[in-house]
Structure formats: C-alpha cells, structure tokens
Amino acid sequence: MIEVNRIYHCDWMKNGLPDKCANLIIGDPPYFEVKGEFDFIWESFDDYLQDVERWAIECKRLLADNGTLFWYGHAKKIAYSQVIFDKYFNLENNICIEFNRQTKKGVSEFRCFAPVSERILMYSNEVIMTGLEKIKLDVNNFTPLRQYFKEFQDDIGLSLKQINNLLGHRKAEHAFYWNSTQWDLPTPETYAELLKIPQTNGFLRREYEDLRREYEDLRREYEDLRREYEDLRRPFNNYLKLFDVMRFDQEAHITGNYDHDTCKPETLTRALILTCSNPGDLVLVPFAGSGTECAMAAKEGRRFIGYDINQRYVDMANDRANREQSILKFDLAA
-7 MIEVNRIYHC DWMKNGLPDK CANLIIGDPP YFEVKGEFDF IWESFDDYLQ DVERWAIECK
53 RLLADNGTLF WYGHAKKIAY SQVIFDKYFN LENNICIEFN RQTKKGVSEF RCFAPVSERI
113 LMYSNEVIMT GLEKIKLDVN NFTPLRQYFK EFQDDIGLSL KQINNLLGHR KAEHAFYWNS
173 TQWDLPTPET YAELLKIPQT NGFLRREYED LRREYEDLRR EYEDLRREYE DLRRPFNNYL
233 KLFDVMRFDQ EAHITGNYDH DTCKPETLTR ALILTCSNPG DLVLVPFAGS GTECAMAAKE
293 GRRFIGYDIN QRYVDMANDR ANREQSILKF DLAA
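For the sequence shown, position 51 (counting from the first letter as 1) is numbered 43 according to our numbering, and the numbering increases by one without interruption.
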C-alpha cells in the first residue's frame, strides 16, 4: 500500500498510483547536460526527449481532471519539452523565473545576454472549461430553476420579445433559455423588474403571490446546486498577484543547507502550491531532489508523494518534509 506524505526511493515511473490521483504535479526533472550528475545520464538529447515523452504520458495518467502541472526546464531547452507536453495538456503559461543572483562570469565575458532565468511550463487538464461555466453548459443542471422561469413565462403569457420590450433591455432573456446552454440566473435588479410585470400588466393566470418567489430563495438554490459541482473547478487563487514573469530570490541561505545541485527556493515553491492547490490536495513530486516541493506541501497543509532514484536525496527530502510536518502538528496543537 502506498502511503502519502513520504518520499520513495525508486523511479517515479514505477509509482503504482491510481489514475487521476494528483491535484498538483510539480516536475523539476534533469535539464540535460546543464548541472548535476543526474543531468548527464543520457547518451543523446534524442534519448532524453524520449524520456520526456514517457514522463508526459505518465503525468497525463496521474493528473486529476481539475489538476495543474508545473514542469521546470532550462531556458535553452524547455521549448523541446513544451512541444511534447502540448500534445497531452493545455498550456496555461510559459513562466519565466528571474532569480536575484550573480553569475559566475562577469556580464562582459558572455557572448550572449547573461542567463539569470529558468522556465516553468504551467499546464491544465481541462478539455473545454470547468467550474460554473461547465455546469451551465449541461442543460440537466439547475433544472428546478429553469422550470421556475418556464412557468413564470407561461403565467404571464408573454413572448421573450415582449418581455424585453416591457423591460426596455435584454438583461433577463437568458433566464428564459430554460432548455439551452445559455441559461443563467438574472441579477437581483433584473429579477425585481421581472416581478413587476405580473403586477402592472394583467397577464397573470393565477394569483400573483402563488407565483412569486423571493430572489434570495432562488439565489440559495442556485448556490446550492453550484456547490455540488464546485470541485470541477481547477484551483487558481492568485492572491499573490503573480504574472508570467516572476522574480524571486534564490535563497542561498536556505538552499545552501542542502547538498543538491538544483535546489529550488522555498518562497517560489510555496507560491506555486498556494496558487494552484487547496488544503488537503495531493501534490505529486516526480523528482524530489532535496525535498523542497514535498516540504513546502507539508508546510501548507497539502498531502504529498515524492520519488527519487538517489537514496541520499530521498533521506534528505524525508528529513526535511518530516521536520515541516512536525512543526505543523505543533502549531495545530498549540
């Protein structure tokens, strides 16, 4: 049985996890001949790209329909990975991360602009759309409310054109598309205008009070039905107000504590987790490395599963994640 909240010593492609189990995947793979011994295990770049394709296919199997995938890459090579991942996912952003750091060479020593950035591809699994928009596309949703407005129109005996003429606008007409993907609940102001029609135009076929329903009753029913489908929405809570160009400190005072060549900053990692997942979600980390992603998932109350083929990194990552879990438990108990 696979336990959550730990990092496993194995190739993540042998994960044994069920389909669509991950709410968020953060992949920080080897970049191919850039930095670290793990970057130099392929005989050719074509061999590396074959593995990228295998990784993309497995991510597709594991990512939930409302999940998000982040995939790191080197600025000069990420385009090749993007071509592959684009076949399986919807590209949301090609994010540029600018780190506040000094290059080992002086700027004048480069024969190109000094490299100070990395890339992150952000993907979703959405086919068309999710959340409330997807709910309204299904004419079987909000049936009681659709029926209410059908009966309302029957009782006042007016065509949609006549209703629009009486109101002097078309703001209410979507409420009467009861058998259409364009149906929607009117605003409180528009609904109040609709309620004046039976009172002033003599179209009622039964008593007005029998027909009339308070707008807030309708709104509550609408919200109750909407919440039933809320988990279809892909989490995206951008309260940090991030853009597709992000600037973060490399946090050498933290990353320097871990013996790993490509340790990512904690602040950046937390930002990705907080923006694109909810508490309790499962964060999958295929290349756990020093454990930044797993530790920050624990810190923010998410579940996590990580993998790495290097036992030393696995031990390092588990120690780091366990420390964050212990702090979290202490804070909750306090």
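All C-beta atoms, glycine included, are put in the ideal place defined by N, C-alpha and C.
Euclidean distance between Cα positions of residue i and residue j
{"i": "VAL108", "j": "THR261", "result": "18 Å"}
{"i": "TRP47", "j": "ASN7", "result": "12 Å"}
{"i": "ASN82", "j": "SER116", "result": "5 Å"}
{"i": "LYS68", "j": "VAL75", "result": "13 Å"}
{"i": "THR300", "j": "HIS252", "result": "First, the amino acid is wrong: residue 300 is Asp here, not Thr. The straight-line gap from Cα to Cα measures roughly 12 Å."}
{"i": "GLY149", "j": "ILE155", "result": "10 Å"}
{"i": "LEU186", "j": "ARG219", "result": "26 Å"}
{"i": "VAL306", "j": "THR254", "result": "15 Å"}
{"i": "LYS142", "j": "PHE168", "result": "6 Å"}
{"i": "ILE333", "j": "ASP78", "result": "Coverage of the chain is limited to positions -7 through 326, which leaves residue 333 absent and any answer about it impossible."}
{"i": "ASN302", "j": "ILE319", "result": "26 Å"}
{"i": "TYR0", "j": "TYR231", "result": "33 Å"}
Bounding residues of the beta strand (DSSP E) (the contiguous stretch that carries residue i)
{"i": "ARG225", "result": "Where ARG225 is concerned, there is no enclosing beta strand (DSSP E), given that its DSSP letter is neither H nor E."}
{"i": "TYR299", "result": "295 to 300"}
Cβ neighbours of residue i in the same chain (closer than 6 Å, five flanking residues each side left out)
{"i": "SER73", "result": "VAL44 and GLY65"}
{"i": "THR122", "result": "A caution first: THR122 carries a pLDDT of 46, below 50, which makes its placement in the model too unreliable to give a value."}
{"i": "PHE279", "result": "ASP20 and PRO21"}
{"i": "ASP209", "result": "none"}
{"i": "ASN314", "result": "none"}
Close Cβ partners of residue i (< 8 Å) along its chain, the five nearest in sequence each way excluded
{"i": "LEU274", "result": "VAL(-4), CYS13, ALA14, ASN15, LEU16, ARG294, ARG295, PHE296 and ILE297"}
{"i": "LEU54", "result": "ASN7, LEU9, ASP11, LYS12, CYS13, ALA14, ILE17 and LEU276"}
{"i": "VAL131", "result": "ARG138, ASN171, SER172, THR173 and TRP175"}
{"i": "GLN317", "result": "ASN(-3) and ALA290"}
{"i": "ASP3", "result": "TYR299 and ILE301"}
{"i": "ASP288", "result": "The residue you asked about is not Asp; residue 288 is Met in the sequence shown. So the list reads GLU258, THR261, ARG262, ILE265 and GLU316, once near-sequence residues are dropped."}
7 Å CB neighbourhood of residue i in its chain, flanking five on each side removed
{"i": "PHE240", "result": "ILE89, PHE91, PRO257, THR259 and LEU260"}
{"i": "GLU243", "result": "PRO257, GLU258 and THR259"}
{"i": "TYR250", "result": "SER282 and MET308"}
Under the three-state DSSP convention, the category residue i falls into
{"i": "ILE(-6)", "result": "coil"}
{"i": "SER109", "result": "strand"}
{"i": "CYS2", "result": "coil"}
{"i": "ARG211", "result": "helix"}
{"i": "TYR183", "result": "helix"}
Segment limits, alpha helix (DSSP H) that includes residue i
{"i": "PHE102", "result": "Note, PHE102: premise wrong, no alpha helix (DSSP H); not H, not E."}
{"i": "ASP147", "result": "135 to 148"}
{"i": "ASN156", "result": "152 to 159"}
{"i": "TYR72", "result": "70 to 77"}
beta-carbon residue i near the ligand FMN non-hydrogen atom, thresh 8 Å
{"i": "GLY283", "result": "For the structure depicted, the ligand FMN is absent and the ligand set is empty, with no information on it obtainable."}
Problem set entry | Segments of 3+ residues assigned as beta strand (DSSP E) that fall wholly inside the stretch 245 to 283 | 274 to 277
For this session: Please specify which runs of the alpha helix (DSSP H), each continuous and at least 4 residues long, are wholly inside the stretch 10 to 67, giving them in chain order.
Result: 37 to 54
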